[in-house]
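One structure below.
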Amino acid sequence: MTKDEEKKIRKSVLDILRENELLSLATYNKRKKQPSICSLYYTYNENLIIYYWSEKNANHSKNLVDNSHVAVNIAKSTQEWGSSLKGLKIYGTVKEANNNELFIGGMLYIKRFKGVRKFVKIAKDFNSKIFNSKLYVIKPIKIIVLDEKQFGKEVYKEINIK
Numbered sequence: 045m046t047k048d049e050e051k052k053i054r055k056s057v058l059d060i061l062r063e064n065e066l067l068s069l070a071t072y073n074k075r076k077k078q079p080s081i082c083s084l085y086y087t088y089n090e091n092l093i094i095y096y097w098s099e100k101n102a103n104h105s106k107n108l109v110d111n112s113h114v115a116v117n118i119a120k121s122t123q124e125w126g127s128s129l130k131g132l133k134i135y136g137t138v139k140e141a142n143n144n145e146l147f148i149g150g151m152l153y154i155k156r157f158k159g160v161r162k163f164v165k166i167a168k169d170f171n172s173k174i175f176n177s178k179l180y181v182i183k184p185i186k187i188i189v190l191d192e193k194q195f196g197k198e199v200y201k202e203i204n205i206k
């Protein structure tokens with residue numbers, strides 16, 4: 045893949061991340077041998093790192109203790125059948141945000157979702173015991189892009205993230 049092709053794919057990924065607010069996160073409980081999926085609000089940075097805020101006791105959060113590998117889907121649910129489709133499939137790992145990630149991701153989350161300011165005044169509040177929650181970081185390993193206006197009907201583009 046040329047640098048120009050990768051740049052075009054990354055631009056499409058960033059456009060899709062910007063145009064959406066919800067993702068579907070799939071995790072796996074090794075002990076129960078059971079998959080789990082949930083919807084979460086997210087934010088992101090220009091390096092394609094994704095941040096979400098969730099309860100520590102949620103099934104998907106507990107599943108990450110034994111298996112940090114996840115699959116993510118991002119697409120507008122209002123896309124009409126037969127229209128030019130857009131969406132992302134992301135494979136990667138998740139972890140709780142460290143102090144630096146908490147600051148960066150927390151500020152991005154507050155900026156994106158203004159209503160969260162009622163509950164969170166500063167980034168470290170995301171990990172407050174009051175909410176029993178944490179800010180989590182998704183580090184993509186592989187992203188598969190469907191952007192039919194940009195790349196053609198049913199053409200999937202894939203980038204590996206280093």
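Reading the sequence shown from the start, the letters are residues 45 to 206 in this note's numbering.
Glycine is no exception: its CB is placed at the ideal position from the N, C-alpha and C atoms.
DSSP beta-bridge partners of residue i
{"i": "Q78", "result": "N73"}
{"i": "G136", "result": "V114, P184"}
{"i": "I94", "result": "Y88, I182"}
{"i": "E99", "result": "S177"}
{"i": "L67", "result": "L84"}
{"i": "K130", "result": "D191"}
The alpha helix (DSSP H) enclosing residue i, as first and last residue numbers
{"i": "V109", "result": "103 to 110"}
{"i": "N204", "result": "Note, N204: premise wrong, no alpha helix (DSSP H); beta strand (DSSP E) at 200 to 204."}
{"i": "D33", "result": "The chain is shown only over 45 to 206; residue 33 falls outside these bounds and no answer can be derived."}
{"i": "N171", "result": "Where N171 is concerned, there is no enclosing alpha helix (DSSP H), given that its DSSP letter is neither H nor E."}
{"i": "F157", "result": "Where F157 is concerned, there is no enclosing alpha helix (DSSP H), given that its DSSP letter is neither H nor E."}
C-alpha distance - residue i paired with residue j, whole-angstrom precision
{"i": "S112", "j": "S172", "result": "22 Å"}
{"i": "I182", "j": "Y96", "result": "8 Å"}
{"i": "L146", "j": "K165", "result": "13 Å"}
{"i": "K55", "j": "I93", "result": "14 Å"}
{"i": "N117", "j": "Y86", "result": "12 Å"}
{"i": "L108", "j": "N143", "result": "19 Å"}
{"i": "S121", "j": "D169", "result": "31 Å"}
{"i": "E90", "j": "Q78", "result": "33 Å"}
{"i": "F157", "j": "I81", "result": "22 Å"}
{"i": "S105", "j": "E140", "result": "9 Å"}
{"i": "G196", "j": "E202", "result": "14 Å"}
{"i": "G136", "j": "K162", "result": "31 Å"}
{"i": "D110", "j": "E198", "result": "35 Å"}
{"i": "G149", "j": "Y88", "result": "7 Å"}
{"i": "I53", "j": "V114", "result": "21 Å"}
{"i": "K206", "j": "I185", "result": "7 Å"}
8 Å contact criterion, which residue i and residue j should meet: CB distance rounded
{"i": "E99", "j": "N176", "result": "6 Å"}
Contact test: residue i Cβ vs the ligand HEM heavy atom, cutoff 7 Å
{"i": "I185", "result": "In terms of ligand content, the structure shown is empty, and the ligand HEM therefore cannot be addressed."}
Delimiting residues of the beta strand (DSSP E) encompassing residue i
{"i": "E179", "result": "Reading off the sequence shown, one finds Leu at residue 179, where the question assumed Glu. From DSSP, the beta strand (DSSP E) with L179 extends over 177 to 191."}
Cβ contact (3+ pairs, closer than 8 Å) linking the stretch 124 to 138 and the stretch 188 to 201: yes
Per the contact definition of three or more C-beta pairs closer than 8 Å, is the stretch 60 to 76 in contact with the stretch 146 to 154? no
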